[in-house]
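Residue numbers (the working numbering): 192 to 501.
Structure, as structure tokens:
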Ligand code: NDP
Ligand code: OXD
């Protein structure tokens, strides 16, 4: 029987374990602290594991990250360099991201920020009609989450574009790729949605220089990682009225310190890293199937390319 050591930061360990037992009863998925023969364990199923985990399991060959982003694991010096890391691809998060971005994009497209302000002033005024086809959405990152979002947003009739590292061909989506096409992509984007992984190339990408390239009155929605955004650059561009508003789900420090000016900014809406959560059923299914494929000497998808950082 294959034994997997399970590590999560919170009380979800039991839920994960129950779901593994339900779907893959032939796998022995155990809380990492309750395993008696740690030197025999090759597989770890983890979310933000600490150093003790790697000390306890010296013979790991493979880690399954219980989330989409692997930035935390890749910067953890305790993770041995020879270990294969697989990440969750979708895992129920694409549908949640579609909901999250739709909600906030419609908020701006239908001028709810202006109407909220008007209500606070007892002011009755209908904002001018805008055609959805003139609302230019731009998605940074066209991977598991970004590509599905790009397809989904077409149901509203928005003009959707996306930016990735390699050139993509997605129906109904204007695709830009590579550093050279970032500027034209930003120039045409009224609502910038960030779903990039955090890597050395994307760190700080939402900075003054790039955000200034968005048209006047653009909005920014970041659900990638906090380190993509230079928060003080954003605040400056909001205060200068270059940007209309921002929605943030992720922060350089989480929870965001109470004194941070983002909390009180009138044109920033914030959520606590809650835009999409790994769902037990699809994540367990995907990890179990990946394990099976590895055992059968196949090459399953989801393997992290350490040289690219995602
Ligand atoms: P993927 O790896 O599937 O997609 C990443 C996309 O980013 C790809 O299209 C990739 O391009 C593109 N990309 C990477 N580096 C660059 C670059 N230097 N220039 C241009 N494009 C680049 O990731 P997912 O879609 O699964 O997830 C994306 C991120 O979303 C996660 O890494 C995580 O940070 C964040 N996330 C946040 C959550 C939250 O709750 N806030 C929940 C889940 C994820 P290419 O296709 O060409 O390789
Ligand atoms: C993830 C996340 O990367 O929850 O899955 O942020």
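Using N, Cα and C, we set each Cβ at its ideal position, and we do this for glycine too.
Boundaries around residue 234 are those of the beta strand (DSSP E), 234–237, since no alpha helix (DSSP H) includes it. Counting only runs of 3+ residues, the beta strand (DSSP E) found wholly inside the stretch 304–373 occupies 327–331, 350–355 and 365–368, in chain order. Taking all protein chains in view, the Cβ of residue 273 is surrounded by fewer than 16 other Cβ atoms within 10 Å, so the residue is classified as exposed.
Under the three-pair Cβ rule at 8 Å, the stretch 486–499 counts as touching the stretch 278–297.
For residue 289, the enclosing alpha helix (DSSP H) starts and ends at 284–300. In the DSSP annotation of this structure, the continuous segment of the beta strand (DSSP E) that includes residue 436 starts and ends at 434–439.
Bridge pairing for residue 468: absent [DSSP]. Looking at the DSSP output, residue 254 sits in a beta bridge with 235 and 276. By the neighbour-count criterion, in which a residue is buried when 16 or more other Cβ atoms sit within 10 angstroms of its Cβ, residue 240 is buried.
Around the beta-carbon of residue 210, 16 or more other beta-carbon atoms lie within 10 Å, marking it buried.
About 6 Å separates the CB atoms of residue 380 and residue 405; that is less than 8 Å, so the two are in contact. Below 8 Å, enough C-beta pairs join the stretch 193–200 and the stretch 212–227 to call them touching: three or more. Bounds of the beta strand (DSSP E) holding residue 219 are 218–222. Distances taken from the Cβ of residue 259 to the heavy atoms of ligand 2 include one shorter than 7 Å. Distances between the C-beta of residue 342 and the heavy atoms of ligand 1 are all 7 Å or more. Taking a 10 Å sphere around the C-beta of residue 435, we find 16 or more other C-beta atoms and assign the residue as buried. In the three-state DSSP reduction, residue 481 falls in the helix class (H, G or I). Ligand 2 has a heavy atom closer than 7 Å to the beta-carbon of residue 469. Bounds of the alpha helix (DSSP H) holding residue 423 are 422–430. Listed as beta-bridge partners of residue 413 by DSSP are 385 and 439. Short note on residue 289: C-beta not closer than 7 Å to any heavy atom of ligand 1.
Rounded to the nearest whole angstrom, the CA to CA distance from residue 359 to residue 367 is 8 Å. Comparing alpha carbon positions, the residue from 440, 214 and 298 closest to residue 288 is 440. About 6 Å separates the CB atoms of residue 237 and residue 257; that is less than 8 Å, so the two are in contact. In the structure shown, residue 265 falls within a helical segment according to DSSP collapsed to helix, strand and coil.
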